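All residue numbers for the sequence shown refer to our numbering, where the first residue is 1 and numbers rise by one.
Here is the structure we will look at.
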Amino acid sequence: MTLITIIHRDLNELIPIIFEFREKISKHILIYDDKEKHNALRLKKWIETLSQEIELIELDEDSKSDMLSIQNRINDLDTTELYLNATNADTALLVVLSGSILHNGGKIIAYDKFENSYNLIDQTGFINHSIENNMRVDDFVKSLGYQLTKEVDKRAILKSRESLLALFEDFNILFRIRRYLAQNRLHVIVSNYPKQIEALRELGMIDSHYRGLKQISYFGILFEEFTYLKLLGYDFDDIKVGAVLLFDSIEDEPNDIKIFNEFDILAIKENHIYTIECKLGDNISPQDIIYKSDSLLGYFGDDSKNLIINIHPDNSHKLHKPKVVFGANAKLRAITNSIEIYNAHNFGTKKFHKKISPFFELYRRVFLLGGYDLEMKSIKKLLDRYSQEYYDHHLSWGAKLGSYSDRVKNDYLYIGIELIEDITPPLNYLAIDHHNDMQNNKSALEQVADILGVELSRREMLIALNDRGYIPAMLEFGATQNEIDEIRKKDRKAQGVTKADEELAIESIKMQKKEGSVIVVKALTEKFSPIADRLYSHNILIYSDRKLNYYGEGVEQIVTKFRHLVEEKRAYYGGGFGFFGLDEHSFTKREILEFKDKILKMQKK
Numbered sequence: 001m002t003l004i005t006i007i008h009r010d011l012n013e014l015i016p017i018i019f020e021f022r023e024k025i026s027k028h029i030l031i032y033d034d035k036e037k038h039n040a041l042r043l044k045k046w047i048e049t050l051s052q053e054i055e056l057i058e059l060d061e062d063s064k065s066d067m068l069s070i071q072n073r074i075n076d077l078d079t080t081e082l083y084l085n086a087t088n089a090d091t092a093l094l095v096v097l098s099g100s101i102l103h104n105g106g107k108i109i110a111y112d113k114f115e116n117s118y119n120l121i122d123q124t125g126f127i128n129h130s131i132e133n134n135m136r137v138d139d140f141v142k143s144l145g146y147q148l149t150k151e152v153d154k155r156a157i158l159k160s161r162e163s164l165l166a167l168f169e170d171f172n173i174l175f176r177i178r179r180y181l182a183q184n185r186l187h188v189i190v191s192n193y194p195k196q197i198e199a200l201r202e203l204g205m206i207d208s209h210y211r212g213l214k215q216i217s218y219f220g221i222l223f224e225e226f227t228y229l230k231l232l233g234y235d236f237d238d239i240k241v242g243a244v245l246l247f248d249s250i251e252d253e254p255n256d257i258k259i260f261n262e263f264d265i266l267a268i269k270e271n272h273i274y275t276i277e278c279k280l281g282d283n284i285s286p287q288d289i290i291y292k293s294d295s296l297l298g299y300f301g302d303d304s305k306n307l308i309i310n311i312h313p314d315n316s317h318k319l320h321k322p323k324v325v326f327g328a329n330a331k332l333r334a335i336t337n338s339i340e341i342y343n344a345h346n347f348g349t350k351k352f353h354k355k356i357s358p359f360f361e362l363y364r365r366v367f368l369l370g371g372y373d374l375e376m377k378s379i380k381k382l383l384d385r386y387s388q389e390y391y392d393h394h395l396s397w398g399a400k401l402g403s404y405s406d407r408v409k410n411d412y413l414y415i416g417i418e419l420i421e422d423i424t425p426p427l428n429y430l431a432i433d434h435h436n437d438m439q440n441n442k443s444a445l446e447q448v449a450d451i452l453g454v455e456l457s458r459r460e461m462l463i464a465l466n467d468r469g470y471i472p473a474m475l476e477f478g479a480t481q482n483e484i485d486e487i488r489k490k491d492r493k494a495q496g497v498t499k500a501d502e503e504l505a506i507e508s509i510k511m512q513k514k515e516g517s518v519i520v521v522k523a524l525t526e527k528f529s530p531i532a533d534r535l536y537s538h539n540i541l542i543y544s545d546r547k548l549n550y551y552g553e554g555v556e557q558i559v560t561k562f563r564h565l566v567e568e569k570r571a572y573y574g575g576g577f578g579f580f581g582l583d584e585h586s587f588t589k590r591e592i593l594e595f596k597d598k599i600l601k602m603q604k605k
């Protein structure tokens, strides 16, 4: 497709559309007035990284001849795949170009930054679409011409999770410890706060001999990391800690001045940037903090927001008139500039949630775990590693959403993993699956990793591929035979396959029959995976008195014939049409045998 973007001051209203269609755009035309040349060059630099052909057209928005010239240029283009990205563009130019594009069969894209959606307009009307590809912090800052030059390694924060939570468990104790450290009274901490002293040692604040290694100001850095842990449960698309941005990076401009700024925390959700300032203590200037936060928000567009978190000691019992850190005037100035303040003596999770959730329009995430196999166990480990909240009822294959009906409420975002929707899902619900009609999706483990914004290890990737495409997918990835054997063995164990099941599988295989190109096995165990693994590379039909599975060629035809059963949730398929199965509790013994004969008959044709 060819995308025409009309440049204006608010690039953040244009870049979500460019990012959404980045893999479809072959040619990109940027139209700009002279006063927007700086923004055009910024955007061009980013678009070049997307490997798109770029054409820049400069005009005078007040010149009729320039308008007509561009109109003629547009008319010369192939208009079958021509789109105009012109949210909040100059009205006159928008009218001229949109008229030509619509007349010639092209489309207009109008982005709504508040809903993170866009209207796709053609001659017949318009259709609203939600943005499917939300930007991460790196994508967003690069698109504006900024550079992320430094950030804290979040993996290191996660490794220190228990120590951080222990240190900041009680801020009254924390402030005492900080005071004792400043006074070089470590013996008081050792005597009274063993849990905190161990945390300080693990975090590198003191050595094994209880000698201080860091400046007292280092508590501020640790507080930022603690805050990051508290944010992990919310549905941000990405979070950066200790992010240093280079704002001015157009190197070919005269008198270039490099402007660096550090952010305690940078977060993004649905293409909106949020900044978070973390402060400890009452020795701060509220007006200065608010002024700084307000000025930095201007770099990210008028829809960006800032949260100031300040935890300070409670000295009211010592002072006749306690010090007010953020007074009425400071709070008024903050709220009128899209800045919210969380000011408290301690970090109360519920109070913090009431502050941050409506301000940033966030939900707390709760994952609902489905039937156990190696992938589901790996997902559980991943959620633990990244401090995610989840419910786990230790379900087996064929797990249903109704198993969690007593746990769900409408004030959370629930993410159901491989759960059959036997009840109406809650108001805010996201289904993760890759079976049946969703078989072309990534595996559940990959989808969870995408939500968390993390990369999987090689072993985790093999587990994901095993679940998505079985042994062929692992082979294509380059897995060794030892890796495949280990993954399959652990997957069977996670499914509850016992040593007795393995022995019964071997006995079942000894009684196999050959029906044309299909090996037919009457299973002596309800665990089919040890049979399927041993007969891999053949067309296999395995059945018992309660269920049936077919693996191999012709699955797509079987699915087509029994589509109604899939829709009724009495059958399932997956693995890139690698297998088809009947639900364990939906058919009688006689019906199972009838299905066996029907499938074998289909395979003989």
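The beta carbon of each residue, even a glycine, is placed where N, CA and C say it ideally should be.
These figures come from a predicted structure and were not determined experimentally.
Item                                                                                                                             : Value
Reduced DSSP secondary structure (H/G/I, E/B, other) of Phe326                                                                   : coil
Limits of the unbroken alpha helix (DSSP H) element including Asp597                                                             : Lys589 to Lys604
Neighbourhood of Glu53 by C-beta, 6 Å cutoff - its chain only, sequence neighbours within 5 removed                              : Lys27
Minimum C-alpha distance to Phe247 - residue among Tyr118, Asn39, Leu174 and Lys113                                              : Asn39
Nearest residue (CA-CA) to Ile121, options Tyr83, His564 and Ser544                                                              : Tyr83
Paired residues, beta bridge with Gln147 - DSSP                                                                                  : Leu246
Terminal residues of the alpha helix (DSSP H) in which Glu20 lies                                                                : Ile15 to Glu20
Contact under 8 Å by Cβ, Asp373 with Gln495                                                                                      : yes
Close Cβ partners of Met135 (< 6 Å) along its chain, the five nearest in sequence each way excluded                              : Phe19 and Asn271
Nearest-angstrom beta carbon gap, Leu30 and Leu43 [assumed within contact, 8 Å]                                                  : 6 Å
Local conformation of Glu53 per DSSP, three classes                                                                              : strand
Cβ pair count under 8 Å reaching 3, the region 263 to 283 against the region 475 to 493                                          : no
Check whether Phe352 and Tyr342 have beta carbons under 8 Å apart                                                                : yes
Selection from Ile268, Leu94, Asn346 and Ile74 that minimises the alpha carbon distance to Ile7                                  : Leu94
Expected contact under 8 Å - CB spacing of Ile268 and Glu225 to nearest Å                                                        : About 19 Å; that fails the 8 Å criterion.
When Glu568, Lys107 and Gly578 are compared against Asn614, the one with the closest alpha-carbon                                : The requested residue 614 is not part of the displayed model; the chain covers only 1 to 605.
Best match in Ile221, Thr91, Arg590 and Asp235 for proximity to Val241 [C-alpha to C-alpha]                                      : Ile221
Minimum C-alpha distance to Val244 - residue among Val141, Val497, Asn85 and Leu203                                              : Val141
When Gly552, Ser396, Ala523 and Arg155 are compared against Ala505, the one with the closest alpha-carbon                        : Ala523
Environment of Lys279 [buried if 16+ CB atoms lie within 10 Å]                                                                   : buried
CB contact flag (Leu548, Lys514, <8 Å)                                                                                           : no
Sequence-distant residues of the same chain with beta carbon closer than 7 Å to Ile423, five excluded per side                   : Leu401, Gly402 and Ser405
Beta-carbon separation (whole angstroms), Gly105 vs Thr80, contact threshold 8 Å                                                 : 6 Å
Backbone CA spacing between Lys527 and Ser508 [nearest angstrom]                                                                 : 11 Å
Opening and closing residue of the alpha helix (DSSP H) in which Glu225 lies                                                     : Tyr218 to Leu231
Which of helix, strand or coil DSSP assigns to Ile268                                                                            : strand
Integer-rounded CB distance, given that Phe360 should sit under 8 Å from Tyr299                                                  : Not quite, the Cβ-Cβ distance comes to about 18 Å (not below 8 Å), so this is no contact.
Contacts around Ser65, its chain only, beta-carbon distance under 7 Å, and the 5 residues preceding and following it disregarded : none
Beta-carbon spacing of Pro16, Tyr111 below 8 Å                                                                                   : yes
Three-state class that DSSP yields for Lys292 in the structure shown                                                             : helix
Selected residue, minimal CA-CA separation from Phe171, among Ala344, Arg570 and Gly370                                          : Ala344
Where Val241 falls: helix, strand or coil (DSSP)                                                                                 : strand
Short Cβ contact (8 Å threshold) for Gln447 with Ile471                                                                          : no
Inter-residue Cα distance where the pair is Ile206 and Ile173                                                                    : 17 Å
Of the residues His394, Ile531 and Ser517, the one placed nearest Met511, counting alpha carbons only                            : Ile531
DSSP state of Val518 mapped onto helix, strand, coil                                                                             : strand
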